[in-house]
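Novice:
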Amino acid sequence: MANMSAGEVTSDDRLWAALAYFLSPIVPIIILLMEDKKNRPFIKAHNAQALILGIIMAVVVPIVATFTLGCGTVVYFIMWYWAYKAYQGQYINIPLADGQRRACSFDNPPHQAEYIELHVRLIAGGRFTTHVFTRMKAGDDLRFEGPLGTFYLRESTRPIIFVAGATGFAPIKSIVEDAFHRGMRRPMLLYWGVRRPKDLYMMELAQRWQQEHDNFKFVPVLSESEAEDRWQGRSGLVHEAILSDFPDLKGYEVYVCGSAKMVDTAFPAFLEQGLSEDYCFSDAFLPSKG
Ligand SMILES: Cc1cc2nc3c(=O)[nH]c(=O)nc-3n(C[C@H](O)[C@H](O)[C@H](O)COP(=O)(O)OP(=O)(O)OC[C@H]3O[C@@H](n4cnc5c(N)ncnc54)[C@H](O)[C@@H]3O)c2cc1C
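Heads up: the sequence shown is residues 390 to 679, going by this note's numbering.
Next comes the structure, spelled out in structure tokens:
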């Protein structure tokens with residue numbers, strides 16, 4: 390019998406590792422079949438980096454790990470978790486009784502996954518939001534589907550401009566808190582556009598981010614302030630404030646979230662002012678068709 394040093398990989402180890410490698414996909418495949426395929430953020434992420442990382446995770450890492458460490462099973466579980474975990478900035482769909490759906494973005498970052506927090510704006514005559522504000526009470530069941538969507542922060546070194554319209558602040562809060570949590574150092578500017586000061590429903594939080602993080606700046610912009618508001622800050626449409634502050638948007642990465650009208654107006658204007666199409670991302674709060 391050959392002398393063995395501690396930690397040396399034997400042919401038996403390799404046999405067990407190979408068995409684990411070939412059997413381990415069964416578990417995630419069963420889970421995949423049980424899951425709603427639409428709800429996989431990785432599959433929805435049409436992003437070259439995610440794709441390359443996914444291929445490495447799915448093919449290279451398990452093979453290398455199996456034949457060196459014998460830990461293919463663990464790697465597959467990590468891969469499954471990575472593919473399914475919620476990203477920052479995503480939303481859920483809430484089915485109504487007749488099958489119509491209303492989307493709502495969650496504001497909490499992935500590291501606070503024990504609850505889901507939503508920002509709901511009351512729409513006059515709106516079916517879902519009227520229900521939330523007038524009839525929904527603590528303890529009611531709320532069914533939802535998700536997480537969905539691809540409005541998450543891309544990996545790059547560019548300075549970031551966030552543009553939030555009203556409750557479009559919710560997914561941006563999720564992204565920003567995740568960035569702080571990960572210690573990200575990229576410069577971040579948040580422009581939050583609302584009508585009146587009372588609509589800046591989490592202004593203290595955004596101000597606190599600015600005080601606590603030297604790479605974060607906050608600019609509130611009001612579109613319909615009245616004399617009684619005594620507003621001293623920026624006025625007008627939120628995207629116009631950005632156009633005026635950044636005559637050349639080349640080199641920036643922009644994330645816009647809010648009404649479809651705001652998104653549709655802002656993007657062409659940003660592109661015209663030098664922003665690359667590859668670095669602009671949006672989440673438009675489209676009204677439901679049903
Ligand atoms: C990806 C995504 C994420 C979203 N996230 C959020 C969120 O975080 N918070 C949130 O409050 N909403 C969010 N929305 C919008 C939300 O899904 C609903 O459309 C909205 O809450 C209105 O639903 P409702 O049933 O009350 O109104 P409905 O009964 O659908 O609409 C009533 C009337 O109001 C109009 N209307 C609907 N929405 C608006 C609007 N925004 N502005 C002006 N008129 C409108 C409709 O055209 C219709 O005439 C999101 C939408 C999408 C697509």
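A virtual CB, placed ideally from N, CA and C, is assigned to each residue, including glycine.
Please report the residue range of the beta strand (DSSP E) in which S633 lies.
Specialist: Counting from one through the sequence shown, the residue named residue 633 turns up at place 244. Where S633 is concerned, there is no enclosing beta strand (DSSP E), although the alpha helix (DSSP H) it sits in stretches over 627-634.
Novice: For G535 and N482, which I take to be in contact (beta-carbon distance under 8 Å), what is that distance rounded to the nearest angstrom?
Specialist: Here residue 535 corresponds to residue number 146 of the sequence shown, with the count starting at 1. Here residue 482 corresponds to residue number 93 of the sequence shown, with the count starting at 1. Their Cβ separation, rounded to whole angstroms, is 6 Å, which keeps G535 and N482 in contact under 8 Å.
Novice: Nearest to A555 by CA position, among E642, H628, F659, is which residue?
Specialist: Taking the sequence shown and counting its residues from 1, the one referred to as residue 555 is at position 166. Measuring from the Cα of A555, the nearest candidate turns out to be H628.
Novice: Enumerated in chain order, which unbroken segments of the alpha helix (DSSP H) with a length of 4 residues or greater are wholly contained in the region 485-519?
Specialist: Runs found: none.
Novice: Tell me which residue opens and which closes the beta strand (DSSP E) that S648 is part of.
Specialist: As a position in the sequence shown, residue 648 is number 259, starting the count at 1. 642-648 is the span of the beta strand (DSSP E), which, as asked, contains S648.
Novice: Where do the N-terminal and C-terminal ends of the alpha helix (DSSP H) with P536 fall, by residue?
Specialist: Here the question's residue 536 lines up with position 147 in the sequence shown. Unbroken run through P536 is the beta strand (DSSP E), 534-537; no alpha helix (DSSP H).
Novice: When the Cβ atoms of the region 518-529 are set against those of the region 543-563, are three or more pairs found closer than 8 Å?
Specialist: Contact between the region 518-529 and the region 543-563 is absent, because fewer than three Cβ pairs lie under 8 Å.
Novice: CB-CB under 7 Å to A595, same chain, minus the five flanking residues each way: which ones, in chain order?
Specialist: Residue 595 sits at position 206 when you count from the first residue of the sequence shown. Taken in chain order, the residues that qualify are L579, W581, F607.
Novice: Taking just the CA atoms, how far does L664 sit from G640?
Specialist: Indexing the sequence shown from 1 puts residue 640 at position 251. Indexing the sequence shown from 1 puts residue 664 at position 275. About 7 Å.
Novice: Under 9 Å, do A502 and L542 count as touching if we go by C-beta distance?
Specialist: To locate residue 502, count along the sequence shown from 1; it is residue 113. To locate residue 542, count along the sequence shown from 1; it is residue 153. No.
Novice: Could you check what DSSP says for P676 in three-state terms: helix, strand or coil?
Specialist: Position 287 of the sequence shown, counting from 1, holds the residue named residue 676. Reduced to three states, the DSSP call for P676 is coil.
Novice: From H508 to F495, what distance separates their C-alpha atoms?
Specialist: Counting from one through the sequence shown, the residue named residue 508 turns up at place 119. Counting from one through the sequence shown, the residue named residue 495 turns up at place 106. Cα to Cα, the separation comes out at about 7 Å.
Novice: Mind checking A559: buried by the 16 CB within 10 Å criterion, or exposed?
Specialist: Counting from one through the sequence shown, the residue named residue 559 turns up at place 170. With 16 or more Cβ atoms within 10 Å of its Cβ, A559 is classed as buried.
Novice: Say the cut is 8 Å; is the CB of T546 nearer than that to a heavy atom of ligand 1?
Specialist: Residue 546 sits at position 157 when you count from the first residue of the sequence shown. Answer for T546: no, Cβ out of range of ligand 1.
Novice: Taking 6 Å as the limit between beta carbons, can you name the residues of its chain near F517, skipping five residues before and five after?
Specialist: For the purposes of this step, residue 517 is taken as residue 128 along the sequence shown, with counting starting at 1. Correct list, in chain order: R491.
Novice: Kindly indicate the opening and closing residues of the beta strand (DSSP E) around M577.
Specialist: Numbered from its first residue, the sequence shown carries residue 577 at position 188. Its beta strand (DSSP E) spans residues 577-583.
Novice: Any chance the CB of I631 is under 8 Å from a heavy atom of ligand 1?
Specialist: For the purposes of this step, residue 631 is identified with residue 242 of the sequence shown, where counting begins at 1. Checking the Cβ of I631 against ligand 1 gives no.
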